[in-house]
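Single-structure report; data block below.
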Amino acid sequence: MTKTRVLAALVMAPLAIAAILLLPTQWLALLAAVVFLVGLWEWLRLAEVEDTLARTVLLVLNLMLMVAMVWASRTASGGSLVLLQVAAMVGVGWWLLAALWLRAYDFGSDHDSGARAAKLAAGTLAVIPAWCALVLIHAQRPNGHLWLLVALAIVWAADTGAYFAGRKLGRRKLSPRISPNKTVEGLVGGALAGVLVGVVGGMLAGTPVSKLPAVALVALAVVLAAAVGDLFESLLKRHAGVKDSGNLIPGHGGLLDRMDSVLAALPVFVLGKEWLGF
Numbered sequence: 118m119t120k121t122r123v124l125a126a127l128v129m130a131p132l133a134i135a136a137i138l139l140l141p142t143q144w145l146a147l148l149a150a151v152v153f154l155v156g157l158w159e160w161l162r163l164a165e166v167e168d169t170l171a172r173t174v175l176l177v178l179n180l181m182l183m184v185a186m187v188w189a190s191r192t193a194s195g196g197s198l199v200l201l202q203v204a205a206m207v208g209v210g211w212w213l214l215a216a217l218w219l220r221a222y223d224f225g226s227d228h229d230s231g232a233r234a235a236k237l238a239a240g241t242l243a244v245i246p247a248w249c250a251l252v253l254i255h256a257q258r259p260n261g262h263l264w265l266l267v268a269l270a271i272v273w274a275a276d277t278g279a280y281f282a283g284r285k286l287g288r289r290k291l292s293p294r295i296s297p298n299k300t301v302e303g304l305v306g307g308a309l310a311g312v313l314v315g316v317v318g319g320m321l322a323g324t325p326v327s328k329l330p331a332v333a334l335v336a337l338a339v340v341l342a343a344a345v346g347d348l349f350e351s352l353l354k355r356h357a358g359v360k361d362s363g364n365l366i367p368g369h370g371g372l373l374d375r376m377d378s379v380l381a382a383l384p385v386f387v388l389g390k391e392w393l394g395f
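In our numbering, the protein residues as written are 118 to 395.
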């Protein structure tokens, strides 16, 4: 299984990096929309929408929301990013609420229509703002493509650091009911790796030395948000009684299993970057 995971990662990572570096923002936005909607399809499954027609209708509604935001952002001078910025801020607010939801494990676990509705709303609040944040980061000039890579690299480094630190040093469980294998030591190791990669990435993107502490602070916030995103998807899987969100990626499970952290990280990154001005 580990060999399969590594091979899949060796295929996916270069494709993602090439798309970020080579595609113009509008084409990357289209590609990202497809990827994020596939993740949302799996989210709807975890929300126990079993009927394919119902799931398709919900997916189309979210696609229409994306299209409507792009259409409404058009101006005579080319376009405005205000709607996308508002959506990213809404995403940050949602993930703060999600952190509270994690403390109430049983909320939404009773399989009734109210629980399903809450998880459906959560899917939209997770996916749409993350997509908007991705577009915002990449559209920034002159180094938006580099900053998007930095944001993703922080998440990837945190995931890797947490894995190895957890295996070697893990003693205290982070959230035993939701994800028994995650530890506090793993989170700390992931935070250190994520902040280090964020600072190095910031330097490569041309950030002045005086702004590197701000980059480090945002990287830390991104790591913590990524942990919330990961735990929240684990909560959904626990409630649904499944191990993976799907089986699309060999050795990795579903696409949502690979992007749960990214969904939470991107809105936090773009808000932090704009707020602290680097």
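From the three backbone atoms N, C-alpha and C, an ideal C-beta is built for every residue, glycine too.
*asked:* At the level of alpha carbons, what is the spacing between Gly394 and His228?
replied: Cα to Cα, the separation comes out at about 44 angstroms.
_Which listed residue (Ala279, Pro297 and Met320) has its alpha carbon closest to that of Leu309_ = Ala279
_Give the list of continuous alpha helix (DSSP H) stretches no shorter than 4 residues that lie fully inside the segment 243–291._
261–286
*asked:* For Ala205 and Gly283, what's the separation of their Cα atoms in angstroms?
replied: 31 angstroms
*Could you tell me the distance, in whole angstroms, from the CA atom of Ala232 to the CA atom of Leu353?*
Approximately 11 angstroms between the Cα atoms of the pair.
_Quick check on Gly323: does DSSP put it in helix, strand or coil?_
coil
*Compute the beta-carbon to beta-carbon distance between Val155 and Leu380, rounded to the nearest angstrom, for a pair I have assumed lies under 8 angstroms.*
Incorrect: roughly 13 angstroms between the Cβ atoms, too far for contact.
*Secondary structure at Lys360, three-state DSSP: helix, strand or coil?*
coil
*In the DSSP assignment, find the unbroken beta strand (DSSP E) run with Pro384 in it and report its ends.*
Run containing Pro384: none in the beta strand (DSSP E); it sits in the alpha helix (DSSP H), Leu372 to Leu393.
*Under a Cβ-count criterion, where at least 16 other Cβ atoms within 10 Å of its own Cβ denotes burial, should Ala343 be classed as buried or exposed?*
buried
*In chain order, what residues of the same chain have a beta carbon less than 6 angstroms from the beta carbon of Gly318, not counting five sequence neighbours either side?*
Val267 and Ala270
*Could you spell out where the alpha helix (DSSP H) holding Leu365 opens and where it closes?*
It is not in any alpha helix (DSSP H) - Leu365 carries neither H nor E in the DSSP assignment.
*Can you name the start and end residues of the alpha helix (DSSP H) that Arg408 belongs to?*
For residue 408 there is no data in the structure shown, the boundaries of the chain being 118 and 395.
*Could you name the residues that DSSP lists as bridge partners for Ser296?*
Ser292
*What residues in its chain sit with their C-beta under 7 angstroms from that of Arg355, if we drop five residues either side in the sequence?*
Ile295
_Measuring straight from C-alpha to C-alpha, what distance separates Ala136 and Trp144?_
9 angstroms
*asked:* Let me check understanding here. Comparing Cα to Cα, which of Thr277, Gly306, Val345 and Ala250 lies closest to Gly287?
replied: Gly306
*For the segment 209–221 against the segment 161–168, are there 3 or more C-beta pairs whose distance is under 8 angstroms?*
The answer is no - the segment 161–168 does not touch the segment 209–221, with fewer than three Cβ pairs under 8 angstroms.
*asked:* According to DSSP, is Ala396 part of a helix, a strand, or is it coil?
replied: Residue 396 is absent from the model: the chain starts at 118 and stops at 395.
_DSSP three-state assignment for Asp347, whether helix, strand or coil_ = helix
*Looking only at C-alpha atoms, which of Phe349, Val385 and Leu383 sits nearest to Ala216?*
Phe349
_Beta-carbon within less than 7 angstroms of Ile245's beta-carbon, same chain only, minus the 5 sequence neighbours each way: which residues are those?_
Asn179, Leu182, Met183 and Ala204
*asked:* Tell me which residue opens and which closes the alpha helix (DSSP H) that Val152 is part of.
replied: The continuous alpha helix (DSSP H) containing Val152 extends over residues Thr142 to Leu163.
*What three-state label does DSSP hand Leu198 in the structure shown?*
coil
*Hey, how far is the Cα of Leu388 from the Cα of Ala146?*
19 angstroms
*Beta-carbon separation of Ala275 and Pro384 under 9 angstroms?*
Result no, Cβ atoms of Ala275 and Pro384 do not sit closer than 9 angstroms.
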